[in-house]
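A short write-up of the structure that comes next.
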Amino acid sequence: MRACNQVIVARMQSPVALIPQLAAHLVAAGGKRLRPLLTLATARLCGYDNQDGKLRHVEIAACVEFIHTATLLHDDVVDESQLRRGLASANAIFGNKASVLVGDFLFARAFQILTADASLEVMAILSAASATLAEGEVMQMTTQNDLSTSVDQYLQVIYGKTAALFAAACEAGAVIGEGTPEQREALRVYGANLGMAFQLVDDALDYAADQAVLGKEVGDDFREGKVTLPVLAAYEAGSEEDRVFWRRVIEDSEQTPEDLDAALARIAQTDAIGVTLRKAEEYAAKARDALNLFADSEIRGLLIETASYSANRES
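Take 0 as the starting number for the sequence shown in numbering that gives the first Met the number 0 and just add one per residue.
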């Protein structure tokens, strides 16, 4: 990961001063670096030993992080977010135009790395995931403010916007490690389920977290009218009075300053957070099961722990 972070910083450099300036803000904000970590770990799990001296897994892990960071920059503009990882978001500081264009730059850098790596398999995996990410965000936009969205549609959205890149990060690592087709598929399944658990918890935290710990504003999803599982569960289990409330604040976007507290109370009364977290644990269990193909090792153990963490994290 130290080597990966060095590649990330180096590849963010540009003679256009605003690009490294904005990029430095992103690096300073930190983050879990979970997606590149998965690429490094899955490559090692499949036996990558770096005998060629090229640190392929490090370069591809940096590529994965660039794709992720580019989508964050674009998403914060779309969502008009003011906080990211506890700091002012890039768009809040540098403006929407700069954030979109630097996001484009990071996408371009990612594909420069893929071109240099020259693996059509890895390029196919990560380019397909990039398209799916965009589709997921567009699908989320079409379900926004729509309480007729089904749970299955919601799960399709979170697969597209989050889990697809987790799956690709893991499958790309397996390709670099020259894993068997069975290992490659197992790690793709692991990543997909890990990503689903991760996003479900993210959606729960928007209604249940401490803002200082979460690193972004609690209630962002509520204010934006996003239809997530906590809202769907509360709407389904609530009284007719509750449903009138949800239709007003989500579908009609008519919100008062007191409505977030009222929404939090309704979510607590209907155990909507519990419903969401139990669904996250189901996906985390599937992720752990996918690793049964592999012999016990330190890396396998860490990946199992990561799946459990994804369903139990607090930020």
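Virtual Cβ for every residue (Gly too), placed ideally from N, Cα, C.
Outcome for residue i when other beta-carbon atoms lying within 10 angstroms are tallied against a minimum of 16
{"i": "residue 23", "result": "exposed"}
{"i": "residue 94", "result": "exposed"}
{"i": "residue 21", "result": "buried"}
{"i": "residue 31", "result": "exposed"}
{"i": "residue 174", "result": "buried"}
{"i": "residue 46", "result": "exposed"}
{"i": "residue 269", "result": "buried"}
{"i": "residue 11", "result": "buried"}
{"i": "residue 264", "result": "exposed"}
{"i": "residue 161", "result": "buried"}
{"i": "residue 201", "result": "buried"}
{"i": "residue 296", "result": "exposed"}
{"i": "residue 102", "result": "buried"}
{"i": "residue 260", "result": "exposed"}
{"i": "residue 277", "result": "exposed"}
{"i": "residue 53", "result": "exposed"}
{"i": "residue 151", "result": "exposed"}
{"i": "residue 300", "result": "exposed"}
{"i": "residue 74", "result": "buried"}
{"i": "residue 241", "result": "buried"}
{"i": "residue 129", "result": "buried"}
{"i": "residue 55", "result": "buried"}
{"i": "residue 262", "result": "buried"}
Residue range of the alpha helix (DSSP H) that includes residue i
{"i": "residue 192", "result": "180-207"}
{"i": "residue 1", "result": "1-10"}
{"i": "residue 278", "result": "271-289"}
{"i": "residue 251", "result": "Unbroken run through residue 251: none, as it is neither H nor E."}
{"i": "residue 57", "result": "55-78"}
{"i": "residue 174", "result": "163-175"}
{"i": "residue 35", "result": "33-44"}
{"i": "residue 261", "result": "258-268"}
Presumed contact (8 Å Cβ cut-off) between residue i and residue j, rounded CB distance
{"i": "residue 247", "j": "residue 239", "result": "Contact doesn't hold; Cβ gap of about 13 Å is too wide."}
{"i": "residue 163", "j": "residue 199", "result": "The pair is not a contact, with the Cβ atoms about 15 Å apart (cut-off 8 Å)."}
{"i": "residue 121", "j": "residue 139", "result": "The pair is not a contact, with the Cβ atoms about 27 Å apart (cut-off 8 Å)."}
{"i": "residue 119", "j": "residue 66", "result": "Actually they are not in contact, since the Cβ atoms of residue 119 and residue 66 sit about 17 Å apart, beyond 8 Å."}
{"i": "residue 207", "j": "residue 249", "result": "With 8 Å as the limit, residue 207 and residue 249 do not qualify as a contact, their Cβ atoms being about 18 Å apart."}
{"i": "residue 165", "j": "residue 34", "result": "6 Å"}
Where residue i falls: helix, strand or coil (DSSP)
{"i": "residue 87", "result": "strand"}
{"i": "residue 300", "result": "helix"}
{"i": "residue 49", "result": "coil"}
{"i": "residue 147", "result": "coil"}
{"i": "residue 226", "result": "coil"}
{"i": "residue 237", "result": "coil"}
{"i": "residue 119", "result": "helix"}
{"i": "residue 310", "result": "coil"}
{"i": "residue 19", "result": "helix"}
{"i": "residue 30", "result": "coil"}
{"i": "residue 217", "result": "coil"}
{"i": "residue 126", "result": "helix"}
{"i": "residue 211", "result": "The predicted model places residue 211 with a pLDDT of 47, which falls under 50 and marks its position as unreliable; any figure quoted below should be read in that light. Looking at residue 211 - three-state DSSP - the assignment turns out to be helix."}
{"i": "residue 98", "result": "helix"}
{"i": "residue 111", "result": "helix"}
{"i": "residue 133", "result": "helix"}
{"i": "residue 294", "result": "coil"}
{"i": "residue 152", "result": "helix"}
- Item | Inter-stretch contact (C-beta, 8 Å, three-pair minimum) for the segment 32-45 and the segment 53-69 | In short, these stretches touch, since the Cβ pair count reaches three.
- With contact counted as at least three CB pairs below 8 Å, one residue from each stretch, are the segment 174-193 and the segment 304-311 in contact? The segment 174-193, when compared against the segment 304-311, does touch it at the 8 Å Cβ threshold.
- Message: Taking 8 Å as the cut-off, does the segment 87-103 touch the segment 11-19 (at least 3 CB pairs, one atom from each stretch)?
- Response: Verdict: yes, contact present.
- Three or more beta-carbon pairs under 8 Å between the segment 177-192 and the segment 140-156, yes or no? Contact between the segment 177-192 and the segment 140-156 is absent, because fewer than three Cβ pairs lie under 8 Å.
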